[in-house]
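This report refers to the structure that appears directly beneath it.
Chains as they are written, first to last, in this note's numbering: chain A, 1 to 333; chain B, 334 to 874.
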């Protein structure tokens, strides 16, 4: 994955744009004509990672589909904060039906477009981790299995945030939520449960699966654009920190996503037909502790009644991710 | 309610009706902070400002911004000890930006391509006398000329440049570079009178009807120290040695030359006589880390084969030999004699113990205050005598070309104000853009380009310039390593990372502004700004 193709020394290509880069080398988000798929005035919290991730992703999908795009949305934060009756923030044809059926609705739209002879109209489905990994999982697996021509985007903030921060099957071990309180010998969410949906998607052998974070804009745009160039079932899992649910400062959203990636907690990779084809390497490796400490949902692991052994178990998970996906540059490279 | 579906009572609308700006408790504001390089520059250059243009390859514009503060970039790019690089935030990331190399590149480009200063926009009709054509005098003359004043420089020596010509060896500053930059100042209409020593400043002002004067005669008298010596001992001061290097008659120093002192002048003398085929030994009473000379100069001197005896003082000088006493540092770091002596062969001894100012031209001028052989000036560079300003080595300060150039500019601004019966008010200083204000994640790693160094054998025997310059590609590379500390460089990060689309992009060169109708005050723009050009401030309640 050549995101560092332009060797540019002031900021590399890490920033959103740059006056010194040729216009076609800048990210879509740096351009005034980006479609701003989610408009100002939405009711997401200050520093919402999901609002940001959704704009990044849908703007890229709009650009790649020549603005011929329809979006289906599962119930969740994204739906609630963007469409309080009778307002909408969406500047794209958008439909919400139920919590669990976004993938099926999108499948239906894709089928309808095919019947109507409108092959240029592309379809995305989107939802949070609750609507994807828990409630909508059956419909999602069906969409994968049938290889329907839909790009499904999951915005993963690791819990049910708008209903009051309950645990989902994407909540990390030891995290405090309203339903996994920090009490008992193993406080917070249990270890060993939950779903790795990107890997489950890969197991379906669909054309394209990728993970991304809001901290790596160019990587995210590249993956959405690449997915939109393909047909069949595609899945992108975007890591979107939640200041409210995680207990982090609103200005630290991108920083948290960056640290999740740099610690190996959230591996960023892409896969085609079930095989990993590329990973985004760690630039400056950090221990998971550095990532966890600013989050109040992990506060019970530090301080007076610290749980260093629990932190060590989470570090072990990160280390396994690093080994498994080869997230570190090889020595001597 | 016709035309609406069942159970629908409101027309669909856009969320733009919802002004989320009301949620805000802190607001982001764009600001310019003071980059550490600019803060450290004795000449007051806007380094970040000119690098900004160099980054885009617009070298002429970069040069024009540079010379707003300093008319001698090609000289500066060779002789400045670049405190800017010592302060550079990039030093905490990999290594400082090679500001000095880029400055030299711009200066050399200007000479090569013949860029000229803009003609003054106005003519004031005021006449100003500048005494001394060294860096300070030339700088003052340039700035005064730009303000439309008529400037006349009276120089005692046969050529312009002062210590830049008679103190700094050729291998550090080729004379054609100096000549080109001096000529460019004269081309603005500045009059230069050589071999014109001002004997009495009050008289000169009166006779020629000047409205104000700027004194910058420098410090050219080598300090002496008492060394018991036999009749035949050959003792000479460093300034005379360096000055005579400029003339046809090279100084007769013999083969074994002892240089006494540990400052830059001592090192300059040692390296110069090495090039004449002699064998210099520097004798200094303290240790290398205590020596006032810059460490890189000591390093280059050692590489060239200059011997240095640390912790030694000269006790006795005779024909052909000197006696030195070894010293030891006491608890406080002061050298103390040990009683151990050593004899060194010496055909001559060069004293490089500092310089004094020739203050004879000030005799009879009222109101002047002279302390420790230097002229006291107030904050506006004016002496105790109204209308007479002074700067450079003759006032108390660090004695470098860069400081002198800074004095010249500061004096010019104050002279201009004084002529208009006003007081010069410098713009309020911005807060410092320290490393903690940056988000270094966004800067990719890149080492400083190392300027080519002359091959060591050639350095020992010739007066060719030791350090080469950058070429266009690596100068651009170097400029682009600038972090643009505290000043927006239009990376679009704030525009990209705002979850509320509350940043408005104003187009190339115009930066951005916030849309406070929708900004929720999350602060992501400020945190993710690479260069610290956004600040969060509390909303008024």
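The beta carbon of each residue, even a glycine, is placed where N, CA and C say it ideally should be.
Selected residue, minimal CA-CA separation from residue 884/B, among 473/B, 490/B and 491/B
Absent from the model: residue 884/B. The displayed extent of chain B is 334 to 874, so no value can be given.
Can you find a CB in chain B that lies within less than 8 Å of the CB of residue 339/A?
Because chain A is modelled from 1 through 333, residue 339/A falls outside the range shown and cannot be assessed.
Would you list the residues sitting across from residue 317/A in a DSSP beta bridge?
The partner list for residue 317/A (beta bridge, DSSP) is empty, contrary to what the question assumes.
Can you have a look at residue 144/A and say buried or exposed, based on whether 16 or more other CB atoms are within 10 angstroms of its CB?
buried
Keeping to the same chain, check which residues put their C-beta closer than 7 Å to that of residue 422/B; ignore five residues upstream and five downstream.
The beta carbon of residue 422/B lies closer than 7 Å to those of 369, 768, 771, 816 and 818 in the same chain, with the five residues before and after it left out.
Name the two residues that bound the continuous alpha helix (DSSP H) containing residue 598/B.
Its alpha helix (DSSP H) spans residues 597 to 608.
Rounded separation between residue 854/B and residue 829/B - CA only
15 Å
Whole-angstrom distance between residue 453/B and residue 238/A, CA atom to CA atom
59 Å
So does residue 682/B have its beta carbon nearer than 7 Å to some heavy atom of the ligand ATP?
The ligand ATP is absent from the structure shown, which contains no ligand whatsoever.
C-beta contact flag for residue 728/B and residue 413/B at 8 Å:
no
Leaving aside the five residues before and after residue 106/A along the sequence, list all residues of the same chain whose C-beta is less than 6 Å from its C-beta, in chain order.
72, 123, 125 and 150
Nearest-angstrom Cα separation, counted from residue 842/B out to residue 761/B:
Cα to Cα, residue 761/B sits roughly 24 Å from residue 842/B.
Return helix, strand or coil for residue 725/B, following the three-state DSSP convention.
It is helical.
Kindly list the residues whose CB is nearer than 6 Å to the CB of residue 723/B, restricted to its own chain and excluding five residues on each side of it in sequence; keep chain order.
The answer, listed in chain order, is 548, 708, 710 and 716.
Classification of residue 181/A by the beta-carbon crowding that lies within 10 angstroms, buried from 16 upward
exposed
Classification of residue 541/B by the beta-carbon crowding that lies within 10 angstroms, buried from 16 upward:
exposed
Please report how far the alpha carbon of residue 317/A lies from the alpha carbon of residue 347/B, in whole angstroms.
Cα to Cα, residue 317/A sits roughly 44 Å from residue 347/B.
Can you say whether residue 339/B is buried or exposed, counting buried as having 16 or more other CB atoms within 10 angstroms of its CB?
exposed
Can you give me the start and stop residues for the beta strand (DSSP E) that residue 651/B sits inside?
645 to 651
Does the beta-carbon distance from residue 354/B to residue 250/A come in below 8 Å?
no
Contact belief for residue 820/B with residue 365/B at Cβ below 8 Å, rounded distance in angstroms:
5 Å
Taking contact to mean 3 or more Cβ pairs, one atom from each stretch, closer than 8 Å, check whether the segment 155 to 174 of chain A and the segment 133 to 140 of chain A are in contact.
Three or more pairs of CB atoms, one per stretch, sit closer than 8 Å, so the segment 155 to 174 of chain A contacts the segment 133 to 140 of chain A.
I need the DSSP call for residue 29/A, collapsed to helix, strand or coil.
In the structure shown, residue 29/A adopts helical secondary structure according to DSSP, grouped into three states.
Three-state class that DSSP yields for residue 289/A in the structure shown
DSSP places residue 289/A in helix when its eight states are reduced to three.
Please confirm whether residue 291/A has its beta-carbon closer than 8 Å to some beta-carbon of chain B.
no
Is residue 714/B close to chain A, meaning its C-beta is less than 8 Å from at least one C-beta of that chain?
no
Residue from 552/B, 836/B, 643/B and 570/B whose Cα sits closest to the Cα of residue 668/B
643/B
Nonlocal neighbours in the same chain, by C-beta distance under 8 Å from residue 651/B, ignoring five residues either side:
Around residue 651/B: 562, 563, 565 and 566.
Would you say residue 51/A faces chain B, with C-beta separation under 8 Å as the test?
At least one chain B Cβ lies under 8 Å of residue 51/A.
Within 10 angstroms of the Cβ of residue 215/A, are there 16 or more other Cβ atoms? Answer buried if so, exposed if not.
buried
Between the Cα of residue 745/B and the Cα atoms of 803/B, 356/B, 343/B and 404/B, which residue gives the shortest distance?
404/B
What residue ranges within the segment 791 to 847 of chain B form continuous beta strand (DSSP E) runs of no fewer than 3 residues, ordered along the chain?
836 to 838 and 845 to 847
Leaving out five residues before and five after residue 406/B in sequence, what residues of the same chain have Cβ atoms less than 6 Å from its Cβ?
399, 436, 439 and 440
Neighbourhood of residue 228/A by C-beta distance below 8 Å, restricted to the same chain and skipping five residues each side:
60, 61, 64, 65, 122 and 151
Along chain A, which residues have their Cβ under 7 Å away from the Cβ of residue 424/B?
Neighbours of residue 424/B on chain A: none; closest Cβ ~16 Å, over 7 Å.
In whole angstroms, what is the alpha-carbon distance linking residue 813/B and residue 387/B?
Distance between the alpha carbons of residue 813/B and residue 387/B: 8 Å.
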